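Chemist: Sharing a structure, written as structure tokens. Questions coming.
In our numbering, the protein residues as written are 19 to 827.
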């Protein structure tokens, strides 16, 4: 949220330093992320002053140039060569002196130097509007009012003011600080509590609000008090819709808003001043001069201000006239009832809507506006009338409005504002401080809390209506600590941590072990959204449409289902990095996937690995080898070994992976690995191969818990290596050979690895060659050649019998 310092100071009765104020606000929980200098014109026209043209004659060597002498208030007149056709003696003009740096509207900047133009010395420049960065006019120089004082700096003459804009990282609960007054309120409370400065919060006066005439007014009826507990409005006439005055445009542009017209600008100004959204209807477009606050009819059509046709339902609250909706309440205006240049009568609305109703409507229709942002979180129901009067008075000032009705105020709220009992000891316990009871009461009263009772050990507090998030004693403790200062909580010089016994393996510690191993192996952890696009998910074939967990009120049409796999997030992340020239990626994610279960949605803890690009970092002696499926499989096996899990890879058909293998652990499917299909890569605009693995965290944890740590003496006798090359069917995998070998030779075989694979035209069709190494060892004696040969013969025989493998010469 952006806050203008010049704007904020309207509500303080003394000057403060913006950077010091930012530090105080941050210490109260309104974190000021940065303070930026805002200049209406870059450089604020430093070096540009008001001058008066004393003489103006034709340049002796150029028909289109003039030779002028100009008084700039610094002593002797200055000679300047000017090319503007409208320059003349006696004019008051803007003069850029030597050394001035002008930044024009097109973004270019020029440094004014002393120079000669066609043989005549020129000591500055008489400026046009665009050269000053004030507009786009370059037809001639900017001629000032004759009353302008020579030598006056340009910024002062033009009323330009630099500003400081604070970017506040507002937390969702702080709806009270969604306006300049709310931020000023916290600043004043903290200043007075900490320094006793006696700073006052200055509210703009609305006492002058009164009915100017009795003319036709808009009647109001509220048919949905549950969704609209308070609704107020007033009718204004005699309005002239025009551009806003400079001060109003300056305020809005300082916080990034574009001025539209004086009526709309006033509603935006009051919204960002008080935090209360307002809406202005063209009263003459309301049928029968009526406003009806009701729920929409099923499938009721409505065209919003952006000219889009939308279909409403009975969960949508609308502001309607006698026949049709004129506005989606608290969210977006209608195309036909908005203010235009022909508007003369306005019905001004100020309301308090149910947050849940507004949130559902905004999400369903994908409409996120400044108004819905505030109503979704809850606005102050007590400021409704103040904001309405404030806006009406401003419209009288800037648009010539007349108030032609009294204020209609329909308040259906139940007055159930119960107090909160706060124990002083609880404040000390939770803050770690010893705050005197009087200081606790002072902090609460500075925050507009009403103390209705007090005893030796506690205080009874009634919270103001604008603090919709303060409902419990612990919330009051936070309020006291905010004003006292979060940075006042002492940090001890030493932090003593008692030794603890290593706990048994848990889901969390298992996840931490996996993460530590993968990070040490060069992987980077990613976190991706749990919401994905349903249409794209069904199209991928990874899950049936009926098994998807769909959101009733999706954030958008693009994010309407809970993810059934971590693959989609990984591909989005890979595409994002590739688009930024980061092509060599090794990443992992620990998260949950979702699918429809028998009763409730099933959540499954998952681990995903993804590899793409080069196998290793680029070095001057390295080869440009791309990562492959075998590399990812090796990383997965290293992880399984680290966790003490023994598994087996089984070929399987998969919707989004080619050359896919399932991981079987104790007969259960623990994961899948493979190369992402080209169709999936195209879907996510990824233009290089990606290798992906996804594992079931619960199955891996269970297998890890079942394992036991074993140890044995280091072998005293040497191991023997034998290599074997076999010809076999191309469909046979290494896992089958490994299983057959260990079944045939249980005593001596220690390990077995595949170090070469060959498939080519030198082999029969449908055949491939495997070259494998075998490590044999006896723990009780040195192996003899005869023992080794017998063991290898048993392995060869098993290969021939189990998979039809033939020994190659």
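Beta carbons are placed, not taken as given, at the ideal position from N, Cα and C, and that holds for glycine.
Computed from a predicted structure; not experimentally measured.
Is the beta carbon of residue 353 closer than 7 Å to that of residue 344?
Modeler: Translated into positions along the chain shown, residue 344 becomes position 326. Translated into positions along the chain shown, residue 353 becomes position 335. Not closer than 7 Å, so no.
Chemist: First and last residue of the alpha helix (DSSP H) that includes residue 388?
Modeler: The residue labelled residue 388 in the question sits at position 370 within the chain shown. First-last of the alpha helix (DSSP H) with residue 388: 388 to 395.
Chemist: The beta strand (DSSP E) with residue 558 in it runs from where to where?
Modeler: As a first step, residue 558 is located in the chain shown; it is residue number 540 there, counting from the start. From DSSP, residue 558 is part of no beta strand (DSSP E) but of the alpha helix (DSSP H) over 552 to 558.
Chemist: Could you check how far apart the C-beta atoms of residue 621 and residue 610 are, in whole angstroms? I think they sit under 8 Å.
Modeler: Taking the chain shown and counting its residues from 1, the one referred to as residue 621 is at position 603. Taking the chain shown and counting its residues from 1, the one referred to as residue 610 is at position 592. Indeed, because the Cβ distance is near 5 Å, the residues count as touching under 8 Å.
Chemist: So, at 6 Å on beta carbons, what are the nonlocal neighbours of residue 745 in its own chain, with the 5 sequence-adjacent residues on each side left out?
Modeler: Here residue 745 refers to the residue found at position 727 of the chain shown. Here the set comprises 785, 787, 824, 826.
Chemist: Below 6 Å CB to CB, which residues in the same chain sit around residue 260 once its five sequence neighbours on both sides are set aside?
Modeler: Taking the chain shown and counting its residues from 1, one reaches residue 260 at position 242. Cβ neighbours of residue 260 beyond the five flanking positions: 280.
Chemist: Can residue 212 and residue 424 be called in contact, C-beta distance under 7 Å?
Modeler: For this step, residue 212 is matched to residue 194 along the chain shown. For this step, residue 424 is matched to residue 406 along the chain shown. Cβ atoms of residue 212 and residue 424: not closer than 7 Å.
Chemist: Of the residues 481, 528, 431, 497, which one's Cα is nearest the Cα of residue 448?
Modeler: Here the question's residue 448 lines up with position 430 in the chain shown. Selected option, being the one with the closest Cα: 497.
Chemist: If we ignore side chains and look at the alpha-carbon of each, how far apart do residue 99 and residue 66 end up?
Modeler: Locating residue 99 in the chain shown gives position 81, counting from the first residue. Locating residue 66 in the chain shown gives position 48, counting from the first residue. Cα-Cα distance, rounded: 16 Å.
Chemist: From which residue to which residue does the alpha helix (DSSP H) around residue 638 run?
Modeler: To locate residue 638, count along the chain shown from 1; it is residue 620. No alpha helix (DSSP H) contains residue 638, which DSSP labels as neither H nor E.
Chemist: How is residue 835 classed by DSSP in three states: helix, strand or coil?
Modeler: Only positions 19 to 827 of the chain appear in the structure, and residue 835 is not among them; the question remains open.
Chemist: Using 8 Å as the Cβ pair cut-off and three pairs as the minimum, do the segment 324 to 340 and the segment 305 to 312 touch?
Modeler: A contact exists between the segment 324 to 340 and the segment 305 to 312.
Chemist: Measuring alpha carbon to alpha carbon, tell me which of 35, 415, 662 ends up nearest residue 284.
Modeler: Sequence index remark: in the chain shown, residue 284 carries index 266 (1-based). For the residues 35, 415, 662, the minimum Cα distance to residue 284 belongs to 415.
Chemist: Within 7 Å (strictly less), CB to CB, does residue 288 reach chain C?
Modeler: Although the question refers to chain C, the structure presented lacks it and comprises just one protein chain.
Chemist: Is it buried or exposed for residue 86, if we count other Cβ within 10 angstroms and need 16 for buried?
Modeler: Translated into the one-based positions of the chain shown, residue 86 becomes position 68. When all chains shown are included, residue 86 counts as buried.
Chemist: Reducing DSSP to helix, strand and coil, say where residue 689 ends up.
Modeler: Numbered from its first residue, the chain shown carries residue 689 at position 671. Residue 689: strand per DSSP, three-state reduction.
Chemist: Is DSSP giving residue 417 helix, strand or coil here?
Modeler: Position 399 of the chain shown holds residue 417. In the structure shown, residue 417 sits in a helix (DSSP, three-state: H, G or I).
Chemist: Determine the DSSP secondary structure at residue 127, reduced to helix, strand or coil.
Modeler: Residue numbering aside, residue 127 sits at position 109 when the chain shown is read from its first letter. It is a strand residue.
Chemist: Give the DSSP-derived three-state secondary structure of residue 289 in the structure shown.
Modeler: The residue you call residue 289 lines up with position 271 of the chain shown. It is helical.
Chemist: List in chain order: all unbroken alpha helix (DSSP H) runs of 4+ residues lying wholly within the segment 206 to 274.
Modeler: Complete alpha helix (DSSP H) runs here, min 4: 264 to 272.
Chemist: Pick from 113, 134, 391, 32: whose alpha carbon is nearest that of residue 828?
Modeler: The chain is shown from 19 up to 827; residue 828 falls before or after that span and cannot be answered.
Chemist: Just to confirm before moving on: does the CB-CB distance between residue 476 and residue 441 stay below 7 Å?
Modeler: Reading the chain shown from its first residue, position 458 is the one you call residue 476. Reading the chain shown from its first residue, position 423 is the one you call residue 441. Yes; because the gap between Cβ atoms is below 7 Å, this pair is in contact.
Chemist: May I ask you to report which of helix, strand or coil DSSP gives residue 569?
Modeler: In the chain shown, residue 569 corresponds to position 551, counting from 1. Note: residue 569 maps to coil in three-state DSSP.
Chemist: How many angstroms separate the CA atom of residue 108 from the CA atom of residue 74?
Modeler: Numbered from its first residue, the chain shown carries residue 108 at position 90. Numbered from its first residue, the chain shown carries residue 74 at position 56. Cα to Cα, residue 108 sits roughly 9 Å from residue 74.
Chemist: Would residue 181 pass as a contact of residue 56 if the rule is Cβ separation under 7 Å?
Modeler: Taking the chain shown and counting its residues from 1, the one referred to as residue 181 is at position 163. Taking the chain shown and counting its residues from 1, the one referred to as residue 56 is at position 38. Contact flag set, yes.
Chemist: May I have the straight-line CA-CA distance separating residue 192 from residue 110, to the nearest angstrom?
Modeler: Here residue 192 is taken as the residue at index 174 of the chain shown, counted from 1. Here residue 110 is taken as the residue at index 92 of the chain shown, counted from 1. So the alpha carbons of these two residues sit roughly 51 Å apart.
Chemist: Classify residue 712: buried if its beta carbon has 16 or more other beta carbons within 10 angstroms, exposed otherwise.
Modeler: In the chain shown, residue 712 corresponds to position 694, counting from 1. Buried, since its Cβ has 16 or more Cβ neighbours within 10 Å.
Chemist: Does the beta-carbon of residue 16 have 16 or more other beta-carbons within 10 angstroms, so that it is buried, or is it exposed?
Modeler: Residue 16 is absent from the structure shown; the chain starts at 19 and stops at 827.
Chemist: Cβ of residue 373 within 7 Å of Cβ of residue 400?
Modeler: Here the question's residue 373 lines up with position 355 in the chain shown. Here the question's residue 400 lines up with position 382 in the chain shown. No, they are not a contact pair.
Chemist: Examine the Cβ distances between the segment 353 to 366 and the segment 221 to 228 and report whether three or more of them are shorter than 8 Å.
Modeler: Verdict: no, contact absent.
Chemist: Assign residue 595 to one of two classes, buried (16 or more other C-beta atoms within 10 Å of its C-beta) or exposed (fewer than that).
Modeler: The residue labelled residue 595 in the question sits at position 577 within the chain shown. Buried.
Chemist: Can you tell which of 581, 570, 569 has its C-alpha closest to the C-alpha of residue 561?
Modeler: Here the question's residue 561 lines up with position 543 in the chain shown. When each option's Cα is compared against that of residue 561, the closest is 581.
Chemist: Given 8 Å as the limit, is there contact between the segment 37 to 46 and the segment 150 to 166, that is, 3 or more CB pairs closer than that?
Modeler: Contact fails: fewer than three Cβ-Cβ distances are below 8 Å.
Chemist: If you check the beta carbons only, do residue 91 and residue 116 fall under 7 Å apart?
Modeler: As a first step, residue 91 must be located in the chain shown, where it is residue number 73. As a first step, residue 116 must be located in the chain shown, where it is residue number 98. Cβ atoms of residue 91 and residue 116: not closer than 7 Å.
Chemist: Please go through the same chain and pick out, in chain order, the residues whose beta-carbon is closer than 7 Å to the beta-carbon of residue 650, but skip the five residues on each side of it.
Modeler: Against the chain shown, residue 650 aligns to sequence position 632. The residues are 627, 629, 691, 709, 711.
Chemist: Output the residue ranges of the alpha helix (DSSP H) runs that lie fully inside the segment 646 to 730 and measure 4 residues or longer, sorted by chain position.
Modeler: Complete alpha helix (DSSP H) runs here, min 4: 647 to 660, 696 to 701, 715 to 724.
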